[in-house]
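Protein chains in written order, with the UniProt record's numbering: chain F, 1 to 236; chain B, 1 to 314.
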């Protein structure tokens with residue numbers, strides 16, 4: 001009963017989240033990719049910080065299971081995968097800041113790794129026409145002592161299985177959603193912006209409880225592919 | 001609220017059972033790993049497969065498989081709803097399997113130029129060539145498929161060779177079972193051994209088919225020898241140690257692949273890892289550090305080719 005109540009609570013939260021996402025989607029268009037401004041990462045371009053936002057918990061997501069009962073059915077049908085997701089950690093991202101810093105150093109950039117976790121949601125909102133960050137990062141210029149900041153923001157991580165109400169319309173896949181960008185702390189302009197939305201399925205069968213080795217392998221693969229998607233554009 | 005939860009639970013029970021039944025997939029033997037037998041064998045009989053023709057496939061990419069785009073019609077009332085779920089489960093399963101079959105058939109097209117040569121390659125000849133090298137330095141003799149084994153230990157090997165889509169590399173999935181005479185089936189050794197070979201540098205089709213497929217014969221033999229060597233070493237407890245898990249990057253022909261695995265051992269050309277499914281996989285990877293220096297000093301002459309013996313593993 002406790003588990004069921006938890007599923008019910010998650011279902012309710014998910015529906016509210018979906019509704020809020022829909023409403024928000026009506027008023028703000030998604031930021032399009034911005035190719036790297038090469039001069040922003042030149043040896044004389046000033047000090048560049050590398051920061052990472054707080055990593056999300058590894059979870060299972062069921063987009064398309066729109067109604068309360070649909071979500072509860074999806075969550076219950078995938079309960080063992082969801083339990084397995086709870087055992088996975090996003091630890092392979094822990095070295096990413098150092099890897100980004102190494103790439104920037106190879107370009108001759110003066111790099112500083114920001115040790116603290118960046119709380120992006122706590123920053124004030126920023127609104128301007130063009131390629132500007134949606135949060136105001138300017139306050140970090142003095143605080144971190146850098147001119148530009150590379151931000152790695154992973155917002156969703158785990159397994160995704162699409163639904164049409166009660167019915168699964170895909171096998172579960174490992175997935176990562178987020179964005180990585182370079183923001184000029186003088187004017188909040190984006191010198192680079194890459195949306196991250198990567199998925200990887202199991203190489204053969206997926207339904208192998210309790211450890212789901214095929215999907216777990218896919219999870220680690222998609223983590224590596226995400227790192228590649230962040231590092232590759234920064235390389236000269 | 002309590003009533004609502006009770007109602008939800010009642011409606012869900014049947015639905016979940018049907019969903020689970022409809023979406024579950026069957027487990028194959030490839031993921032099965034049994035505990036190796038305790039005593040150290042001193043000799044083996046390798047039983048030939050019933051089918052003498054070797055199995056070759058094209059390496060398939062299933063990244064886009066498992067996407068079911070069927071609309072579903074709800075029946076009226078609970079019976080119609082349950083029937084809808086059941087039908088949907090059946091559609092999902094059959095669609096998934098046919099989708100994967102189609103992907104494999106498309107991947108196999110890469111073998112068309114090689115078909116005549118591959119059709120002439122025989123399991124018995126491959127095994128004779130492989131065993132002549134005495135993998136793991138333990139004597140192995142070949143016996144026909146139907147023959148009674150008089151040896152204390154019998155090996156059954158089911159090799160499936162695959163060619164990458166760029167035709168540069170061959171890899172082998174060899175499901176190996178080793179049974180002791182008189183022992184129960186579950187007391188035997190059963191493991192999938194995968195060996196990925198370094199890719200050919202250029203003109204793969206021409207290189208594979210030259211001299212009546214001499215390179216194909218040499219590489220398939222080499223892959224078989226390596227898989228048997230790994231299995232026999234594992235069986236005799238020589239590959240007990242496991243390192244930390246990490247995501248390995250390696251080349252499969254011209255494509256980079258990723259595999260989460262635990263380190264087992266490294267030699268001058270490859271690293272042996274244990275995958276999350278418990279398979280042992282040998283992947284091409286040059287060593288670093290001290291072993292790299294040792295390998296450089298003991299490297300074979302440039303004309304020795306890739307079939308030259310490997311320096312000892314670490």
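Quick reminder that beta carbons are idealized off the backbone N, C-alpha and C, glycines included. This structure is a prediction, so every number in the text was calculated from the model and none was measured.
- Query: By DSSP, does residue 153(B) sit in helix, in strand, or in coil?
  - Reply: Here residue 153(B) refers to the residue found at position 153 when the second chain is read from its first residue. Three-state result, residue 153(B): strand.
- In the DSSP assignment, what are the bridge partners of residue 153(F)? Along the first chain, read from residue 1 onward, the residue named residue 153(F) stands at position 153. According to DSSP, residue 153(F) bridges with 179(F).
- Inspect the beta-carbon positions of residue 44(B) and residue 178(B) and report whether they are closer than 9 Å. As a working mapping, residue 44(B) is identified with position 44 in the second chain. As a working mapping, residue 178(B) is identified with position 178 in the second chain. Result yes, Cβ atoms of residue 44(B) and residue 178(B) sit closer than 9 Å.
- Query: Under 9 Å, do residue 188(F) and residue 229(F) count as touching if we go by C-beta distance?
  - Reply: Walking along the first chain from the start, residue 188(F) turns up at place 188. Walking along the first chain from the start, residue 229(F) turns up at place 229. In this structure, residue 188(F) lies away from residue 229(F), with their beta-carbon atoms at least 9 Å apart.
- Compare the C-beta of residue 197(F) with all C-beta atoms of chain B and state if any pair is closer than 9 Å. The count along the first chain starts at 1 and reaches residue 197(F) at position 197. No, no contact with chain B.
- If you measure beta-carbon to beta-carbon, which residues of the segment 209-221 of chain F are closer than 7 Å to chain B? Here the close residues are 213, 216, 217, 220, 221.
- Message: Please list, in chain order, the residues of the segment 80-94 of chain F that have any C-beta partner in chain B closer than 8 Å.
- Response: Here the close residues are 92.
- Query: Does the beta-carbon distance from residue 120(F) to residue 53(F) come in below 9 Å?
  - Reply: Taking the first chain and counting its residues from 1, the one referred to as residue 120(F) is at position 120. Taking the first chain and counting its residues from 1, the one referred to as residue 53(F) is at position 53. Yes, the Cβ-Cβ distance between residue 120(F) and residue 53(F) is below 9 Å.
- Task: Could you please give me the residues that DSSP links to residue 190(F) through a beta bridge?
- Result: Taking the first chain and counting its residues from 1, the one referred to as residue 190(F) is at position 190. Its beta-bridge partners are 183(F).
- Stretch-stretch touch, CB-based, cutoff 8 Å, three pairs: the segment 201-213 of chain B with the segment 279-291 of chain B: Short answer: they don't touch.
- Message: Is the beta carbon of residue 173(B) closer than 9 Å to that of residue 194(B)?
- Response: Residue mapping note: residue 194(B) aligns to position 194 of the second chain, counting from 1. Residue mapping note: residue 173(B) aligns to position 173 of the second chain, counting from 1. Remark: C-beta atoms of residue 194(B) and residue 173(B) approach each other more closely than 9 Å.
- Query: Closest by CA to residue 77(F), which one among 202(F), 57(F), 172(F)?
  - Reply: Looking up residue 77(F) in the first chain gives position 77. Taking residue 77(F) as reference, the option from 202(F), 57(F), 172(F) with the minimal CA-CA separation is 172(F).
- Item | Residue span of the alpha helix (DSSP H) that contains residue 117(B), given as start and end | Taking the second chain and counting its residues from 1, the one referred to as residue 117(B) is at position 117. For residue 117(B), the enclosing alpha helix (DSSP H) has its first and last residue at 115-119.
- Message: Quick check on the DSSP output: the alpha helix (DSSP H) that includes residue 221(B) runs from which residue to which?
- Response: For this step, residue 221(B) is matched to residue 221 along the second chain. For residue 221(B), the enclosing alpha helix (DSSP H) stretches over residues 204-235.
- Item | Proximity of residue 121(B) and residue 168(B) at Cβ, strictly below 9 Å | If you number the second chain from 1, residue 121(B) lands on position 121. If you number the second chain from 1, residue 168(B) lands on position 168. Not a contact, by the Cβ cut-off of 9 Å.
- Item | chain F residues whose Cβ lies nearer than 9 Å to that of residue 173(B) | As a working mapping, residue 173(B) is identified with position 173 in the second chain. Neighbourhood of residue 173(B) in chain F, by CB distance below 9 Å: empty, with the nearest CB roughly 11 Å away.
- Message: Would residue 183(F) and residue 111(F) qualify as a contact pair, given that the criterion is a beta-carbon distance under 9 Å?
- Response: By 1-based counting over the first chain, the position of residue 183(F) is 183. By 1-based counting over the first chain, the position of residue 111(F) is 111. Cβ atoms of residue 183(F) and residue 111(F): not closer than 9 Å.
- Query: Looking at the structure shown, is residue 158(B) part of a helix, part of a strand, or coil, going by DSSP?
  - Reply: Along the second chain, one-based indexing puts residue 158(B) at 158. Residue 158(B): strand per DSSP, three-state reduction.
- How about the segment 144-159 of chain F and the segment 95-112 of chain F: do they share at least three Cβ pairs that are nearer than 8 Å? Three or more beta-carbon pairs separated by less than 8 Å link the segment 144-159 of chain F to the segment 95-112 of chain F, which places the two stretches in contact.
- Item | From 241(B), 266(B), 279(B), 182(B), residue whose alpha carbon lies closest to that of residue 259(B) | Here residue 259(B) is taken as the residue at index 259 of the second chain, counted from 1. Checking every option, the nearest Cα to that of residue 259(B) belongs to 279(B).
- Query: Are any of the Cβ atoms in chain F nearer than 9 Å to that of residue 57(B)?
  - Reply: Locating residue 57(B) in the second chain gives position 57, where the first residue counts as 1. Not one chain F Cβ lies under 9 Å of residue 57(B).
- Query: Is the CB of residue 272(B) under 9 Å away from at least one CB in chain F?
  - Reply: Reading the second chain from its first residue, position 272 is the one you call residue 272(B). Using beta-carbon distances, residue 272(B) does not count as an interface residue toward chain F, since no partner is under 9 Å.
- Could you check the C-alpha separation between residue 64(F) and residue 281(B) for me, to the nearest Å? Taking the first chain and counting its residues from 1, one reaches residue 64(F) at position 64. Taking the second chain and counting its residues from 1, one reaches residue 281(B) at position 281. In this structure, the CA atom of residue 64(F) is about 38 Å from the CA atom of residue 281(B).
- Please classify residue 32(F): is it buried, with 16 or more other beta-carbons within 10 angstroms of its beta-carbon, or exposed? Indexing the first chain from 1 puts residue 32(F) at position 32. Label assigned to residue 32(F): exposed.
- Task: Check residue 138(B) in the structure and name its three-state DSSP category.
- Result: Stepping through the second chain from its first residue, residue 138(B) is reached at position 138. Here residue 138(B) sits in coil by DSSP.
- Task: Look up residue 46(F) in the DSSP assignment and give the residues it is bridged to.
- Result: Taking the first residue of the first chain as 1, we reach residue 46(F) at position 46. Its beta-bridge partners do not exist; DSSP assigns none.
- Considering only C-alpha positions, which residue in the set 108(F), 115(F), 234(F), 70(F) is nearest to residue 193(F)? Within the first chain, numbered from 1, the residue matching residue 193(F) stands at position 193. Taking only the C-alpha atoms, the option nearest residue 193(F) is 234(F).
- Bounding residues of the beta strand (DSSP E) (the contiguous stretch that carries residue 169(F)): As a first step, residue 169(F) is located in the first chain; it is residue number 169 there, counting from the start. Per DSSP, residue 169(F) lies in no beta strand (DSSP E) segment and is marked neither H nor E.
- Item | Contact list for the segment 96-130 of chain F against chain B, Cβ threshold 8 Å | The segment 96-130 of chain F vs chain B, Cβ under 8 Å: nothing.
- Item | Neighbourhood of residue 216(F) by C-beta distance below 6 Å, restricted to the same chain and skipping five residues each side | Position 216 of the first chain, counting from 1, holds the residue named residue 216(F). The answer is none, since no qualifying residue turns up.
- Rounded to whole angstroms, what's the CA-CA distance from residue 42(F) to residue 107(F)? Just pull it up for me. To locate residue 42(F), count along the first chain from 1; it is residue 42. To locate residue 107(F), count along the first chain from 1; it is residue 107. Distance between the alpha carbons of residue 42(F) and residue 107(F) is about 7 Å.
- What's the gap between the Cα of residue 70(F) and the Cα of residue 167(F)? Sequence index remark: in the first chain, residue 70(F) carries index 70 (1-based). Sequence index remark: in the first chain, residue 167(F) carries index 167 (1-based). Going from the Cα of residue 70(F) to the Cα of residue 167(F) covers about 8 Å.
- Message: Relative to the C-alpha of residue 109(B), which candidate in 144(B), 56(B), 132(B), 82(B) has its C-alpha closest?
- Response: As a position in the second chain, residue 109(B) is number 109, starting the count at 1. Cα-wise, what sits closest to residue 109(B) is 56(B).
- Message: I'd like to know whether the C-beta of residue 63(B) is nearer than 9 Å to at least one C-beta of chain F.
- Response: In the second chain, residue 63(B) corresponds to position 63, counting from 1. Closer than 9 Å: yes.
- Query: In angstroms, rounded to a whole number, what distance separates the CA positions of residue 248(B) and residue 79(B)?
  - Reply: Numbered from its first residue, the second chain carries residue 248(B) at position 248. Numbered from its first residue, the second chain carries residue 79(B) at position 79. Going by the C-alpha atoms only, they are around 50 Å apart.
- Beta bridge counterpart(s) of residue 203(F) as assigned by DSSP: Numbered from 1 along the first chain, position 203 holds the residue referred to as residue 203(F). Paired residue(s): none; residue 203(F) is not in a bridge.
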